[in-house]
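Following this note's numbering from start to finish, the sequence shown increments by one per residue and tops out at 337.
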Amino acid sequence: MPADLQLPIIEPGAPTPIEEDPLDLMDEIDRLKVEKDATILAHYYVDGEIQDVADVSGDSLQLARAATKVASGTIVFAGVHFMGESAKILNPSKRVLMPDLLAGCSLADSCPAPELRLFQDQLRAEGRTFETVAYINTTAAVKALCDWIVTSGNAREIIDRVPAEKEILFVPDQHLGRYLVEVTGRPMILWPGSCMVHEVFSIQDLLRAKRNNPGSLVIAHPECPRNILEHADFIGGTEKMRQFVAARAEPTTLLVATEANMIHPLQKIAPQHTYVPVPGIMASTGETCACNRCPHMARNTLQKVRDCLRDGRPEIVWQPHFDAAREVLERSLLK
Ligand code: SF4
């Protein structure tokens, strides 16, 4: 069991945590949003009930852009740490709160800034001229070392902006990178990172689900490994997935290979379809599991959203390297 999923240890004699009524919490959050002059942004991968109390739900690109248009003094970002950082970087004057600062990202963790800097130095020492393109799922320290930031929604467009005579170093997701090499025809040096959620999809379960659901279509996120993408009828980031299901009028069974909470916005925009999450498989034991839930996103709960609104913390605090990261983010996402 990943450390993040372990149950809390309750000391003998300590009061048992009280489960609060979600409807009461939602009312309290609505009241606090007004009282504290706050806007809630929620990623499509957090629980549906958090998406329902949010002012904006979306993918990384939509939320980064939405953050720049927020009129309130405070942003509550229900997502993972690099997303809160990006919201702060693009809005230095706003207070950016997160329900849980420990909500990290295995993909961002797979590319530490010191290692990236060493590798870039090594390439330069070999006389290679390149630009570094980073998927948005990276820390601000990594963004500060890059030339471009992409999301699954704008990657092709940004890659076209890299001069043809330069090589591309793509970090951190090798699967997304490989997919982009195929769709853009640009060779790339790929950093060997990956996302724990998309890495674990089981090809056997996918094929079984296809056989048990005749006429179904597979929709997959480009962060999935190639063996899953080879069986996909549609490949796209979260927003492209929404557009795909909304454009399809005929009721269809869709096998969804991405974080399971993504089914919530899909159901909302296209309720005519049936959505089946593709199960994951544990690399360590080979057992089928619920790994298509991101344990980092799952750290966001309604209680924590209420608590951070009420208490005004935890907060993303400005760091010196945010200045360099800001230039790259603005050039890539806002221009
Ligand atoms: S689903 Fe993967 S890439 Fe997305 S936040 Fe979770 S660990 Fe990171």
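Cβ coordinates follow ideal geometry from the N, Cα and C atoms, glycine included.
query	result
Whose CA, out of Asp54, Glu51, Ala89 and His223, lies closest to the CA of Val350?	Residue 350 falls outside the range modelled here, since the chain spans only 3 to 337, and no answer is possible.
Could you name the residues of the same chain whose beta carbon sits closer than 7 Å to that of Val280, not counting the 5 residues immediately before and after it, in chain order?	Phe203, Asp207, Leu208, Ala211, Leu257, Val258, Ala259 and Asn294
Would you say the beta carbon of Ser108 comes nearer than 6 Å to a heavy atom of the ligand SF4?	yes
Within its chain, find whatever has a CB closer than 8 Å to the CB of Ile191; leave out the 5 residues flanking it on each side and keep chain order.	Leu125, Phe132, Glu169, Ile170, Leu171 and Phe172
Please tell me whether, using a cut-off of 6 Å, the distance from the CB of His414 to the nearest non-hydrogen atom of the ligand SF4 is below it.	Residue 414 falls outside the range modelled here, since the chain spans only 3 to 337, and no answer is possible.
Ile271 bridges to which residues according to DSSP?	In the DSSP output, where bridge partners are listed per residue, Ile271 has none listed.
Any heavy atom of the ligand SF4 closer than 6 Å to the Cβ of Cys310?	no
DSSP state of Pro279, grouped into three classes?	strand
For Arg2 and Leu65, what's the separation of their Cα atoms in angstroms?	There is no way to answer for residue 2, as the model of the chain reaches only from 3 to 337.
Once DSSP output is grouped into helix, strand and coil, what is the label at Gly195?	strand
Excluding sequence positions up to five away, which residues of its chain have a Cβ less than 8 Å from the Cβ of Pro24?	Glu51 and Leu304
Considering only the beta carbon of each residue, do Leu178 and Tyr137 sit closer than 7 Å?	yes
Taking the beta carbon of Lys356 as the centre, do at least 16 other beta carbons fall within 10 Å, making it buried, or is it exposed?	Because residue 356 is not part of the residues shown, which for the chain are 3 to 337, the question remains open.
Between Glu117 and Asp175, is the Cβ-Cβ spacing less than 7 Å?	no
Determine whether the beta carbon atoms of Glu241 and Asp61 lie at a separation below 7 Å.	yes
Within the present structure, is the beta-carbon of Val173 separated from the nearest heavy atom of the ligand SF4 by less than 6 Å?	no
How many angstroms separate the CA atom of Thr141 from the CA atom of Glu21?	33 Å
Could you please give the first and the last residue of the uninterrupted alpha helix (DSSP H) stretch that includes Gly86?	His83 to Leu92
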